[in-house]
Amino acid sequence: MNIARKPYRVGIIGAGPAGTTLAALLAREGVDAVFFDDGRRPEMVVGESLIPRLVTVFRRLGIEEEVAKLGTYKPGVTWIFDENDALELSFTAMRGVLPTYAYNVPRKPFDELIHDTAVKAGARFIPCTVKLETDRTERGELVPRLSAETLALVPEWGGQQPDLLVDASGRRRLFAKLLGLTAKIGKRKDVSHFAHYDQVMMPKPAGQAIITRLKHGWCWRIPLQHALSIGVVVNKEHAKLYGSTAEEQLEAMIDQNKPLAEACPNRRRLTPVTTYTNYQLISDQGHGDGWVCVGDAFGFVDPMLSPGLCMAMTSAEQLADAITQNRPAGWDRAFHGYLDWFREQLKAWQELVDIFYGGQIFALQRTGTDMSRRFPGKISMIMQRHFEKNISGMAGGGLTTHPYSRNLLRFMTRYGIYGHEPEDFAVV
Ligand SMILES: Cc1cc2nc3c(=O)[nH]c(=O)nc-3n(C[C@H](O)[C@H](O)[C@H](O)COP(=O)(O)OP(=O)(O)OC[C@H]3O[C@@H](n4cnc5c(N)ncnc54)[C@H](O)[C@@H]3O)c2cc1C
């Protein structure tokens, strides 16, 4: 039920997927939503490999057909963890839990699509670099406010601050920096370089994303309509062993890995190389009096299983519901619930990502293969399918926090590995 009708005013800073999804959902419910963006995004933005849970968000936004047009149908993900062995995950294993597919998307047109959806729904877009200042509430709490200069860009608000300010500024974390809020930093110290290529062998089956374990990290291959996105994620210190520039490091890492080098010996780089660092971070505080965070501005775990856009857009859904299903007097309590949900999601993703980095998932897969060879038959097949359904449901974003799936995975990674050492498959 929508309680928050106009004239509730919400100012959203950032027009990435989190900000625009929120703007669209709020505007549809009659909230006066204004979103700002400074347009300072690089031409190439990571976040091209999506997971099945997002398809349900596209359906809610009514944009799945358009996403399908600009994107590439993605049937699953393959992890190549050494030259001879791979773990192939098909999203069909999650039938009955989630859509059995996802998409790979080039970020620019994808982000523009959600932006246009928000505007069509009635949200207003103001292109500008938002300037903030701090204020103290009657209770002495330090809070963010739009500067008079930024406020003047929304004449309809007559110089009044909105009822709610949302930080959707991604890794720039505007509110956290302004208010001096602390955060938990993740343990991996990686750097990531990526670019688009053509004249490469495209993954099979068509659209499949490929993750390859490297000597000092891992590499993604994400098939798009007109290019293959190739990115590496490597410990910062190790990266220096491959060259002094981002270009040298990316190319050398591709060349020095057999399955990768064989898949693209004549590759042609179509774009500059874009670099990301220091992205594992979760804020200790995500809301206060009159403000709240969404998407990466609150937290991001790791790119390994592609949870980023899923968290950005599903957190926007959760926040939109918290705003529209409560009066402003109830927002504080609703936002506590929303952030509990967000923290639990990030924790579950971290747990899942850790068993990929730690090699347990691959050791488990090898154990499973050994078992089916030794004890072929219906029971071992049923067990294998059951496990696959749960693990793919978690990685697909549908069962990530489901207690049964999490406990099954914990149990199996603790007691179900025989004859193989997770360290042999770990991504270091
Ligand atoms: C190496 C790497 C690989 C990744 N790969 C994937 C992947 O394959 N799949 C996936 O789902 N996710 C991936 N991610 C994560 C994904 O990119 C992010 O989670 C996602 O983009 C977050 O969306 P967002 O809307 O929260 O923030 P963003 O997309 O960062 O949007 C924030 C917006 O705010 C604007 N802004 C900032 N400050 C201001 C200001 N002062 N005024 C106005 N505007 C402002 C910015 O210009 C930007 O447009 C990856 C991340 C990394 C680091």
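Residue numbers for the sequence shown follow this note's numbering, beginning at -15 and rising by one. Note that beta-carbon positions come from the ideal geometry of N, C-alpha and C, so glycine has one too.
Since residue 363 is in the alpha helix (DSSP H), which residue starts that stretch and which ends it? Within the sequence shown, residue 363 is the residue found at index 379, counting from 1. That run of the alpha helix (DSSP H) goes 362 to 379.
Measuring only between beta-carbons, confirm whether residue 314 sits less than 9 angstroms from chain D. Structure shown: chain D not included; a single protein chain is present.
Have a look at residue 225 and residue 231 and give me their C-alpha separation to the nearest angstrom. The residue given as residue 225 occupies position 241 in the sequence shown. The residue given as residue 231 occupies position 247 in the sequence shown. Looking at the backbone, the Cα of residue 225 and that of residue 231 are separated by about 13 angstroms.
State yes or no: is the C-beta of residue 322 nearer than 8 angstroms to some heavy atom of ligand 1? Working through the sequence shown from its first residue, we reach residue 322 at position 338. Every heavy atom of ligand 1 is 8 angstroms or more from the Cβ of residue 322, so no.
Cβ of residue 127 within 9 angstroms of Cβ of residue 274? Numbered from its first residue, the sequence shown carries residue 127 at position 143. Numbered from its first residue, the sequence shown carries residue 274 at position 290. With a cutoff of 9 angstroms on beta-carbon distance, residue 127 and residue 274 are scored as near each other.
Proximity to residue 233 [Cα-Cα], best of 175, 327, 265, 252: As a first step, residue 233 must be located in the sequence shown, where it is residue number 249. Residue 175 is the option with its Cα nearest to residue 233.
Return the first residue and the last residue of the beta strand (DSSP E) that residue 204 is part of. The residue you call residue 204 lines up with position 220 of the sequence shown. Element bounds for residue 204: 201 to 207.
Which runs of the beta strand (DSSP E) at least 3 residues long sit entirely within the stretch 120 to 194? Give them in chain order. Runs of the beta strand (DSSP E) inside the stretch 120 to 194: 126 to 130, 148 to 151, 167 to 169, 174 to 182.
Within the present structure, is the beta-carbon of residue 203 separated from the nearest heavy atom of ligand 1 by less than 8 angstroms? Position 219 of the sequence shown, counting from 1, holds the residue named residue 203. No, Cβ of residue 203 sits at least 8 angstroms from all heavy atoms of ligand 1.
List the endpoints of the continuous beta strand (DSSP E) containing residue 65. Position 81 of the sequence shown, counted from the first residue, corresponds to residue 65. Bounds of the beta strand (DSSP E) holding residue 65 are 60 to 66.
Best match in 204, 214, 61 for proximity to residue 256 [C-alpha to C-alpha]: Numbered from its first residue, the sequence shown carries residue 256 at position 272. Nearest C-alpha to residue 256: 214.
Hey, residue 297 and residue 62: beta-carbon distance below 9 angstroms or not? For the purposes of this step, residue 297 is taken as the residue at position 313 of the sequence shown. For the purposes of this step, residue 62 is taken as the residue at position 78 of the sequence shown. No.
By DSSP, does residue 99 sit in helix, in strand, or in coil? For the purposes of this step, residue 99 is taken as the residue at position 115 of the sequence shown. Residue 99 falls in the helix class under three-state DSSP.
For residue 241, name the three-state secondary structure that DSSP assigns. One-based indexing of the sequence shown puts residue 241 at position 257. In the structure shown, residue 241 sits in coil (DSSP, three-state: anything other than H, G, I, E or B).
Taking 8 angstroms as the cut-off, does the CB of residue 59 come closer than this to any heavy atom belonging to ligand 1? What you label residue 59 is simply residue 75 of the sequence shown in a count that begins at 1. Short note on residue 59: C-beta not closer than 8 angstroms to any heavy atom of ligand 1.
Starting from the C-beta of residue 103, find all residues in its chain whose C-beta is less than 7 angstroms away, skip the five residues before and the five after it, and write them out in chain order. Walking along the sequence shown from the start, residue 103 turns up at place 119. Closer than 7 angstroms at Cβ, skipping near neighbours: 109.
Across the stretch 175 to 194 and the stretch 248 to 267, are there enough close Cβ pairs to call them in contact, namely three or more that are closer than 8 angstroms? Yes: the two stretches touch, three or more of their Cβ pairs being nearer than 8 angstroms.
Kindly confirm or deny that the stretch 288 to 305 and the stretch 156 to 164 touch, where touching means at least three C-beta pairs closer than 8 angstroms. The stretch 288 to 305 is not in contact with the stretch 156 to 164.
Report the three-state DSSP secondary structure of residue 384 (helix, strand or coil). Counting from one through the sequence shown, the residue named residue 384 turns up at place 400. Here residue 384 sits in coil by DSSP.
With 16 other CB atoms within 10 Å as the buried threshold, where does residue 83 fall? Counted from its first residue, the sequence shown places residue 83 at position 99. Buried, because 16 or more other Cβ atoms sit within 10 Å of the Cβ of residue 83.
At what residues does the beta strand (DSSP E) containing residue 277 begin and finish? Walking along the sequence shown from the start, residue 277 turns up at place 293. Unbroken beta strand (DSSP E) run through residue 277: 275 to 277.
Cβ of residue 139 within 8 angstroms of any heavy atom in ligand 1? Counting from 1 along the sequence shown, the entry for residue 139 is found at position 155. Not under cutoff, so the answer is no.
Under 8 angstroms from any heavy atom of ligand 3, does the C-beta of residue 234 make it? This structure lacks ligand 3; the ligands present are ligand 1.
Flag this pair as touching only if the stretch 357 to 372 and the stretch 264 to 282 have three or more C-beta atom pairs under 8 angstroms; answer yes or no. Counting Cβ pairs under 8 angstroms, fewer than three are found: no touch.
Cβ-Cβ separation, residue 152 to residue 8 (assumed contact under 8 angstroms), whole Å: Here residue 8 corresponds to residue number 24 of the sequence shown, with the count starting at 1. Here residue 152 corresponds to residue number 168 of the sequence shown, with the count starting at 1. Contact between residue 8 and residue 152 is absent: CB atoms are separated by about 12 angstroms, not below the 8 angstroms threshold.
Which class does residue 108 belong to by DSSP, given the choice of helix, strand or coil? Translated into the one-based positions of the sequence shown, residue 108 becomes position 124. In this structure, residue 108 counts as strand in the three-state DSSP scheme.
Could you round the C-beta distance between residue 138 and residue 29 to whole angstroms and report it? I think they count as a contact, below 8 angstroms. Looking up residue 138 in the sequence shown gives position 154. Looking up residue 29 in the sequence shown gives position 45. Not quite, the Cβ-Cβ distance comes to about 27 angstroms (not below 8 angstroms), so this is no contact.
Strand pairing of residue 197, partner residues [DSSP]: Stepping through the sequence shown from its first residue, residue 197 is reached at position 213. According to the DSSP secondary-structure assignment, residue 197 is paired through a beta bridge with 202.
Can you determine whether any heavy atom of ligand 1 sits closer than 8 angstroms to the C-beta of residue 20, and answer yes or no? Indexing the sequence shown from 1 puts residue 20 at position 36. Yes, the Cβ of residue 20 comes within 8 angstroms of a heavy atom of ligand 1.
Check whether the Cβ atoms of residue 27 and residue 206 lie closer than 9 angstroms to each other. Residue 27 sits at position 43 when you count from the first residue of the sequence shown. Residue 206 sits at position 222 when you count from the first residue of the sequence shown. Their beta carbons are not under 9 angstroms apart, which means residue 27 does not touch residue 206 by this criterion.
Taking the alpha-carbon of residue 279 as reference, which of 203, 404, 295 has the nearest alpha-carbon? Start at 1 with the first residue of the sequence shown, and residue 279 comes out as number 295. Of 203, 404, 295, the residue nearest in Cα terms is 295.
Is any heavy atom of ligand 1 found at a distance shorter than 8 angstroms from the C-beta of residue -2? As a position in the sequence shown, residue -2 is number 14, starting the count at 1. Yes, ligand 1 has a heavy atom inside 8 angstroms of this Cβ.
Measuring from the CB of residue 223, is there a heavy atom of ligand 1 at a distance below 8 angstroms? Here residue 223 corresponds to residue number 239 of the sequence shown, with the count starting at 1. Checking the Cβ of residue 223 against ligand 1 gives no.
Below 6 angstroms CB to CB, which residues in the same chain sit around residue 105 once its five sequence neighbours on both sides are set aside? Taking the first residue of the sequence shown as 1, we reach residue 105 at position 121. Close CB contacts of residue 105 within its chain, under the 6 angstroms cut and outside five residues either way in sequence, are with 8, 11, 12 (chain order).
Check each candidate in 76, 325, 25, 349 and name the one with the smallest Cα separation from residue 111. In the sequence shown, the residue the question calls residue 111 occupies position 127. Ranking the options by Cα distance to residue 111, first place goes to 25.
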